[in-house]
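For reference, the structure is listed below as structure tokens.
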Amino acid sequence: MRRGWRGVGALLLVAAVSCPVFAQDAGDVERTPTAAPVPDAQAEPGPTCIARSGSLTVTATLQTLAAALEINLLVSNAGPVAVRVDPSKAGLTTAEGVQTPWTAAQVKRAHRDLGAYIVAGALFPPLLAITGISQLNFNRYVDGRALRAGDVAPGGTLRGSIFFAMPPETQSRAALDLTGLISELGSARPIRLYCPLPRGPSAYAASGAFVPLTVSLGASAARGAAEVSVDLVEFAADYTAVELRMTNKGDAPAEIFGAMVNATLRDETGTIYAGFPARGDFRDRVPAKQTVPARLVFAPLPLPPKTTAAILTIPGIRFGPEDAIDLTVVLRF
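Be aware that the sequence shown starts at 2, since it is given in the numbering used here, and climbs by one per residue.
Listed below in structure tokens is the structure:
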């Protein structure tokens with residue numbers, strides 16, 4: 002019997018030690034978010050991905066909790082007016098679909114529903130108290146870390162976390178979209194971050210070699226019935242991608258497959274970067290009076306500020322055998 006109680010005591014000790022340690026109150030976490038301990042991790046990892054749009058720069062750090070994906074954001078505003086950020090308008094996109102953010106209540110419920118209470122009660126009833134304390138601490142952690150809608154003042158920052166259900170294990174990266182950004186000057190361009198998903202203990206080290214950067218743009222060019230608008234440029238370790246929308250204002254379909262295959266990207270020094278059409282995503286044509294999206298992939302350009310501008314050329318947009326249009330767009334980073 003004594004040996005049995007020793008075993009129970011050891012189990013209690015292990016359970017107590019394994020409970021994550023949190024800040025003493027949610028207010029402390031909110032005032033000093035960088036110091037908030039992270040559940041199920043020894044130390045908070047470095048930045049996972051970065052995005053820029055106008056005066057805003059967003060740095061994201063992704064990590065897995067027991068039952069959710071946490072994306073901790075640092076939003077910096079270098080502009081002259083405040084910008085309002087609303088996390089409820091965010092979305093996480095993978096190849097398997099789009100997710101909306103979880104509320105704090107949903108995150109807490111997912112953690113509670115893991116079944117720890119049932120298992121603990123079956124093993125030894127006093128463990129219910131320990132798991133109850135762990136749940137309480139987790140609830141305080143979520144309340145302290147959660148990003149709330151607010152204004153980012155000129156020269157100021159806003160920090161907090163957005164939580165999502167864990168994407169499927171088959172997915173290695175996701176796109177985080179921050180929409181609904183509003184300033185005193187009106188609506189701001191949405192921000193998209195392409196982020197590698199944390200998959201195993203080596204994921205942070207792998208992503209730390211090169212932090213992906215996306216730059217939202219409002220560049221456009223038009224000629225005749227063709228118009229192109231570039232929404233963002235993604236700088237990755239092994240490629241640079243340009244995401245755009247092609248509009249056909251004419252009454253006849255526009256053939257764009259050859260134009261997309263032969264598109265070129267040239268930096269301000271005159272260096273031309275090879276295109277990778279097989280890695281892009283575009284259609285064969287644009288129907289009359291319609292707009293279609295496209296993604297063009299090229300060899301990697303140096304990160305800004307080393308690269309300050311580039312010229313995208315889309316040649317031979319055809320509206321007929323003898324009617325071809327070339328479009329050139331200047332991209333400034």
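Every residue gets a Cβ at the ideal spot worked out from N, C-alpha and C, and that includes glycine.
A quick note: this is a predicted structure, and the numbers were derived from the prediction, not measured.
Residue pairing by DSSP places residue 268 opposite 311 in a beta bridge.
Of all C-beta pairs linking the region 180-199 to the region 282-292, fewer than three are shorter than 8 Å, placing the two stretches out of contact. Closest in alpha carbon position to residue 292, among 227, 215, 263 and 314, is 227. The Cβ atoms of residue 298 and residue 257 do not sit closer than 8 Å to each other.
Taking C-beta separations shorter than 6 Å and ignoring five residues to either side along the sequence, the partners of residue 83 in its chain run 152 and 154, following chain order.
Counted as a single uninterrupted DSSP element, the alpha helix (DSSP H) harbouring residue 108 occupies residues 105-113. Annotation for residue 259: the continuous alpha helix (DSSP H) segment containing it runs 258-262. According to the DSSP assignment, residue 92 belongs to the beta strand (DSSP E) that extends over 91-95. Counting only the Cα atoms, residue 319 lies some 42 Å from residue 79. Boundaries of the beta strand (DSSP E) harbouring residue 332: 324-333, taken from the DSSP string.
For residue 195, the beta-bridge partners assigned by DSSP are 176. In summary, residue 173 is exposed, with fewer than 16 beta-carbon neighbours lying within 10 Å of its beta-carbon over all protein chains present.
For the region 50-74, the continuous beta strand (DSSP E) assignments of 3+ residues that do not extend past its boundaries occur at 50-54 and 57-65, in sequence order. CA-CA distance, residue 235 to residue 134, rounds to 44 Å. Checking the DSSP bridge columns, you'll see residue 247 partnered with 229 and 293. In the three-state reduction of the DSSP assignment, residue 156 falls in the coil class, being assigned neither a helical nor a strand state. Residue pairing by DSSP places residue 236 opposite 214 and 241 in a beta bridge. Of the residues assessed, residue 197 falls on the buried side of the cut-off, its CB having 16 or more other CB atoms within 10 angstroms. By the neighbour-count definition (other C-beta atoms within 10 Å, threshold 16), residue 161 is a buried residue. For residue 70 against residue 168, the beta-carbon gap comes to about 7 Å, under 8 Å, which counts as contact. The beta carbons of residue 158 and residue 76 sit about 6 Å from each other, so the pair counts as a contact at 8 Å. At a Cβ-Cβ threshold of 8 Å, residue 50 and residue 240 do not count as neighbours. Shown here for residue 175: same chain residues with a beta carbon closer than 7 Å to its own, the five before and five after excluded, namely 93, 94, 95, 168, 196 and 198 in chain order. Fewer than three Cβ pairs drawn from the region 176-184 and the region 104-112 lie within less than 8 Å of each other, which leaves the two stretches out of contact. When the alpha-carbon of residue 55 is set against those of 231, 101 and 192, the nearest one is in 192. Residue environment for residue 263: exposed (fewer than 16 other C-beta atoms within 10 angstroms of its C-beta).
Taken through DSSP and simplified to helix, strand or coil, residue 164 comes out as strand.
The three-state reading of DSSP puts residue 82 in coil, since its state is none of H, G, I, E or B. For residue 98, the enclosing beta strand (DSSP E) has its first and last residue at 98-100. Across the structure, residue 276 and residue 222 are spaced so that their CA atoms are roughly 20 Å apart.
As DSSP reads the structure, residue 319 sits in a beta bridge with 256 and 325.
Comparing alpha carbon positions, the residue from 212, 164 and 255 closest to residue 89 is 164. Between residue 214 and residue 52, the beta carbon gap of about 7 Å places them in contact (Cβ cut-off 8 Å). In this structure, residue 312 lies near residue 331, with their beta-carbon atoms less than 8 Å apart. Distance from the Cα of residue 305 is smallest, within the candidate group 260, 115, 333 and 68, for 333. Across the structure, residue 81 and residue 301 are spaced so that their CA atoms are roughly 32 Å apart.
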